[in-house]
Amino acid sequence: MKNPITDYVEYGLLIDSKNSELNSINRLDKTGLLMACKESGIHAKFPTNTYNGEKDQYLTMRWGKEKPIKKKWLIHRGTGTSFAYMDGEELLKTMREKDSLLIMWETYSMESRYFIFDLKAARSSILKLQS
Numbered sequence: 062m063k064n065p066i067t068d069y070v071e072y073g074l075l076i077d078s079k080n081s082e083l084n085s086i087n088r089l090d091k092t093g094l095l096m097a098c099k100e101s102g103i104h105a106k107f108p109t110n111t112y113n114g115e116k117d118q119y120l121t122m123r124w125g126k127e128k129p130i131k132k133k134w135l136i137h138r139g140t141g142t143s144f145a146y147m148d149g150e151e152l153l154k155t156m157r158e159k160d161s162l163l164i165m166w167e168t169y170s171m172e173s174r175y176f177i178f179d180l181k182a183a184r185s186s187i188l189k190l191q192s
């Protein structure tokens, strides 16, 4: 969407997960990794299909076959079902260079869940996002 005052064009991207995970009522669901480029910066959101409490978490991220790393993601207060990444610019830069991303988190009941995103298949859309 184009801002009529500044002529800045906002972009958004949703990358669907390759796998499904059990949700809070034991049904399989997929999710998406949402990226939004706005005048205020690049925003990344990772909605889960589970309740995860009200505390921020260090989610495990694995780029391709690289060693897993833990990065802090902010929990969405109120719903407790999605996370926001603090440095969308860094995330987008890495997404442009890697072929896949696995994100693992812990649910409120302390169960580990993960989703995998095929960045290679979304490469052309990822490259269109402006930083």
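Per the working numbering: the sequence shown = residues 62 to 192.
By construction, the Cβ of each residue, glycine as well, lies at the ideal position given by its N, Cα and C atoms.
Is the beta carbon of residue j closer than 9 Å to that of residue i?
i	j	result
residue 78	residue 112	no
residue 40	residue 80	Outside the modelled stretch of the chain, which goes from 62 to 192, sits residue 40, for which no answer is possible.
residue 135	residue 146	yes
residue 97	residue 71	yes
residue 121	residue 165	yes
residue 108	residue 89	no
residue 181	residue 124	no
Round the Cβ separation of residue i and residue j to the nearest angstrom and send it over; I've been treating them as touching at under 8 Å.
i	j	result
residue 161	residue 148	Not really, about 20 Å apart at Cβ, beyond 8 Å.
residue 156	residue 187	5 Å
residue 99	residue 119	The pair is not a contact, with the Cβ atoms about 26 Å apart (cut-off 8 Å).
On a Cα-Cα basis, can you pick out the residue from the options that is closest to residue i?
i	options	result
residue 67	101, 87 and 164	101
residue 93	99, 83, 87 and 106	106
residue 114	140, 76 and 125	140
residue 82	173, 181 and 154	173
residue 184	74, 63 and 65	74
residue 193	117, 104 and 152	Any property of residue 193 remains undetermined from this structure, which presents the chain solely from 62 to 192.
Which residues share a DSSP beta bridge with residue i?
i	result
residue 121	131 and 165
residue 143	108
residue 96	74 and 105
residue 173	167
residue 63	70
residue 83	89
residue 136	144
residue 179	161
Do residue i and the ligand HEM come close, with the Cβ less than 8 Å from some heavy atom?
i	result
residue 66	This structure lacks the ligand HEM, and indeed carries no ligand of any kind.
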